[in-house]
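Novice: Per this note's numbering, the very first residue in the sequence shown carries number 27; after that it's consecutive.
Using N, Cα and C, we set each Cβ at its ideal position, and we do this for glycine too.
Below you'll find the structure I mean.
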Amino acid sequence: MEKIVSLKNVSKTFPVGKSLLGKPTKFVHAVNNVSFDVHEGETFSIVGESGCGKSTTGRIINHLLVPDSGEVWFMGKEISHISQDEMRPLRKDMQMIFQDPAGSLNPRMRVSELIEEPLLIHTEMNAEERAKVVSELLGIVGLSAKHAKRYPHEFSGGQKQRIGIARALTVNPKLVIADEPISALDVSIQAQVLNLLHRLQEQYKLTYVFISHDLSVVEMISDRIAVMYLGFVVETAPKEKLYAAPVHPYTQALLSAVPIPDPDRKHDRIILEGDIPSTINLPAGCPFAARCKLCTKQCLEQRPETKEVESGHFVACHQWAVSGRQ
Numbered sequence: 027m028e029k030i031v032s033l034k035n036v037s038k039t040f041p042v043g044k045s046l047l048g049k050p051t052k053f054v055h056a057v058n059n060v061s062f063d064v065h066e067g068e069t070f071s072i073v074g075e076s077g078c079g080k081s082t083t084g085r086i087i088n089h090l091l092v093p094d095s096g097e098v099w100f101m102g103k104e105i106s107h108i109s110q111d112e113m114r115p116l117r118k119d120m121q122m123i124f125q126d127p128a129g130s131l132n133p134r135m136r137v138s139e140l141i142e143e144p145l146l147i148h149t150e151m152n153a154e155e156r157a158k159v160v161s162e163l164l165g166i167v168g169l170s171a172k173h174a175k176r177y178p179h180e181f182s183g184g185q186k187q188r189i190g191i192a193r194a195l196t197v198n199p200k201l202v203i204a205d206e207p208i209s210a211l212d213v214s215i216q217a218q219v220l221n222l223l224h225r226l227q228e229q230y231k232l233t234y235v236f237i238s239h240d241l242s243v244v245e246m247i248s249d250r251i252a253v254m255y256l257g258f259v260v261e262t263a264p265k266e267k268l269y270a271a272p273v274h275p276y277t278q279a280l281l282s283a284v285p286i287p288d289p290d291r292k293h294d295r296i297i298l299e300g301d302i303p304s305t306i307n308l309p310a311g312c313p314f315a316a317r318c319k320l321c322t323k324q325c326l327e328q329r330p331e332t333k334e335v336e337s338g339h340f341v342a343c344h345q346w347a348v349s350g351r352q
C-alpha cells in the first residue's frame, strides 16, 4: 500500500524553565526520535498513558506543531518545516477530530457556518452549493438538516462530536487525525461514534491516525498500532500480532489491564512498580527500565534500537534481542 504519512526520527521539546535573560534552560522532551509510516486506507492507532506524547505526535503530523528535528512526509511532500502559506493547500487533505467536541466548536457560530467554513477557504462554491453540502453531511453523520441553524450549546456531547466529524469531512480529506475522539463521550455513545467512523472510512476511503489511551477501543478500529512510552515508540505491530503476542514489557502491562468480559477466564494483571521518569531529565538507557522487571545493566546504560522481530512487528527492547527470539 502507498504511504500517506511518514515520520522519520521526529523529536519535539517544549521549554519549561528560563534564565534571568529569558533563555530556555529546561525542556520537556515530549516526542523522541519517533519513526513510523501510515499507509493509505488503514487505521493507524497511537496508544499509551497520558503524557506519553501521542497527542503531540498527532499535532506534528498535522503541522499544528513544528518538530525540533526529523522529517514529516505527507503524500510524498516533506512538510515538517514549510510555512503556513505552503501548508494551506494541503490542509484540505489533512483534517482533525479533537477530543473535546465542545471546545473545538465556536459557540458563536451556527452549525451551518461551522461546517461550511472549510468550503469558504478551500473551494469556490456558491452559497447554494455550500448549503447542499452541509445538509448532506449532517445526514451522513446522523443529524438532520434542521440542526443546521442551531448553535453548539443546543446539542449533546455525542451530537457535537458528530458535528466535528462532519466538519472534518467537508473538503473530502485523505487523512483524518482523530485525537481521543470518544473519550469525552458516554459509553453508550462511544460505540455509535466508532461505528460511524468505520462506516465513513469505507464510504470516503479515508486514512485514520487514531489516538487513544483505551486499548479496548483501539482493538475495535485499528489495523496497526504504535505503543508510546515517555515520548518513544516502543512497539509497532499489526493489531492481531500485538494483541496475540505483545513483546515489549510495557505493551504486555497495558494489555493486561484491559478488562475481559468473561468471569471464568483467568486474567493475570501485570502491576508496574516504580516511578515514571521525568520527561525533563530522560534516562540514558531504556525509558522503561525503571519500571521493568527484566531490566539489566545494559537497559540502564544503553537506549535500545528498534528491531523487526517478525514481518511488520517492531520493538525497542534489549531483552527481546538478548533472548534470541528475533
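1) Is the segment 110–126 in contact with the segment 158–171, if contact means three or more CB pairs nearer than 8 Å?
2) May I ask you to report which of helix, strand or coil DSSP gives Gln328?
3) Could you check which residue in Lys118, Leu222 and Val73 has the C-alpha nearest to that of Pro199?
4) According to the neighbour-count rule (16 or more other Cβ atoms, all chains shown, within 10 Å of its Cβ), is His286 buried or exposed?
5) Compare the Cα-Cα distances from Lys29 to each of Gly48, Tyr234 and Thr82 and report the closest residue.
6) Kindly indicate which residue of Ala171, Lys158 and Leu223 has the alpha-carbon position closest to the one of Gln187.
7) Starting from Pro144, follow the beta strand (DSSP E) in both directions and report where the run begins and ends.
8) Taking 7 Å as the CB-CB limit, is Met27 close to chain C?
9) Just to confirm, are Leu232 and Ile251 a CB contact at a threshold of 7 Å?
10) Which of helix, strand or coil does DSSP assign to Val243?
11) If you measure between the beta carbons of Glu66 and Met27, is that distance less than 7 Å?
12) What is the rounded straight-line gap between the Cα of Lys103 and the Cα of Ala210?
13) Grouping DSSP H, G and I as helix and E and B as strand, with all else coil, what is Lys83?
14) Quick one: what does DSSP say Thr277 is sitting in, helix, strand or coil?
15) Looking only at its own chain, which residues have a Cβ that is under 6 Å from the Cβ of Lys49, when we skip the five neighbours before and after it?
16) Using 10 angstroms around the beta-carbon of Asn35, count the other beta-carbons present and answer buried if the total reaches 16, otherwise exposed.
17) Tell me which residue opens and which closes the alpha helix (DSSP H) that Ser214 is part of.
18) Taking only the alpha-carbon atoms, compute the straight-line gap between Glu139 and Ala192 and give it to the nearest angstrom.
19) Identify whether Arg351 lies in helix, strand or coil by the three-state DSSP scheme.
20) What are the boundary residues of the alpha helix (DSSP H) that includes Lys158?
21) Hey, out of Ala310, Leu241, Gly300 and Asp63, whose CA is closest to Ala316's CA?
22) Just to confirm my understanding: we take Lys38, look at its own chain, exclude 5 residues before and 5 after, and list those with CB closer than 7 Å. What are they?
23) Would DSSP call Ile237 helix, strand or coil?
24) Please name the residue or residues paired with Tyr255 in a DSSP beta bridge.
25) Can you give the Cα-Cα distance for Pro309 and Thr149, rounded to whole angstroms?
26) Since Phe40 and Phe53 should fall inside the 8 Å C-beta cutoff, what is the C-beta to C-beta distance between them, to a whole number of angstroms?
27) Go ahead and label Asn132 buried or exposed: buried means 16 or more other beta carbons lie within 10 angstroms of its beta carbon, across all protein chains shown.
28) Using the Cα positions of Gly350 and Gly190, report the straight-line distance between them to the nearest angstrom.
29) Does DSSP put Gln185 in a helix, a strand or coil?
30) Which two residues bound the contiguous alpha helix (DSSP H) that contains Asp111?
31) Where does Gln345 fall in DSSP's three states?
Specialist: In terms of the structure at hand:
1) Flag = no, the segment 110–126 and the segment 158–171 do not touch.
2) When DSSP states are grouped into helix, strand and coil, Gln328 belongs to the coil group.
3) For Pro199, the nearest C-alpha among the options comes from Lys118.
4) The sequence as given places Ile at residue 286; His does not occur at that position. Taking a 10 Å sphere around the C-beta of Ile286, we find fewer than 16 other C-beta atoms and assign the residue as exposed.
5) It is Tyr234 whose Cα lies nearest to the Cα of Lys29.
6) By alpha-carbon distance to Gln187, the top candidate from Ala171, Lys158 and Leu223 is Leu223.
7) Per DSSP, Pro144 lies in no beta strand (DSSP E); the unbroken alpha helix (DSSP H) holding it starts and ends at Val137 to His148.
8) In the structure shown, chain C cannot be found, because there is only a single protein chain.
9) In this structure, Ile251 does not lie closer than 7 Å to Leu232 by Cβ.
10) The DSSP-derived three-state label of Val243 is helix.
11) In contact: Glu66 and Met27 (Cβ atoms closer than 7 Å).
12) Straight-line Cα distance between these residues: approximately 34 Å.
13) Rather than Lys, the amino acid found at residue 83 in this sequence is Thr. In this structure, Thr83 counts as helix in the three-state DSSP scheme.
14) Reduced to three states, the DSSP call for Thr277 is helix.
15) Leaving aside the five residues that flank Lys49 on each side, none in its chain has a CB nearer than 6 Å to its CB.
16) Asn35 comes out exposed.
17) Run containing Ser214: Val213 to Tyr230, per the alpha helix (DSSP H) assignment.
18) Glu139 and Ala192 have their C-alpha atoms some 12 Å from each other.
19) Unreliable placement is indicated for Arg351, whose pLDDT of 46 sits below 50; the coordinate value is still reported in the next sentence. The answer is coil: DSSP assigns Arg351 none of H, G, I, E or B.
20) For Lys158, the enclosing alpha helix (DSSP H) has its first and last residue at Ala153 to Ile166.
21) The option with the nearest alpha carbon to Ala316 is Gly300.
22) For Lys38, same chain residues with a beta-carbon under 7 Å away, outside a window of 5 residues either side, are Ala56, Val57, Thr82, Ile86, Leu91, Pro93 and Asp94 in chain order.
23) When DSSP states are grouped into helix, strand and coil, Ile237 belongs to the strand group.
24) DSSP output for Tyr255 lists Phe258 as bridge partner(s).
25) Between Pro309 and Thr149, the alpha-carbon positions lie close to 49 Å from each other.
26) The pair is a contact, with the Cβ atoms about 7 Å apart (cut-off 8 Å).
27) By the 10 Å Cβ count, Asn132 comes out exposed.
28) In this prediction, Gly350 has a pLDDT of 35, which is less than 50 and means its spatial position is unreliable; what the coordinates show is noted afterwards. So the two alpha carbons sit approximately 48 Å from each other.
29) In this structure, Gln185 counts as helix in the three-state DSSP scheme.
30) In the DSSP assignment, Asp111 falls within the unbroken alpha helix (DSSP H) covering Gln110 to Arg117.
31) DSSP places Gln345 in helix when its eight states are reduced to three.
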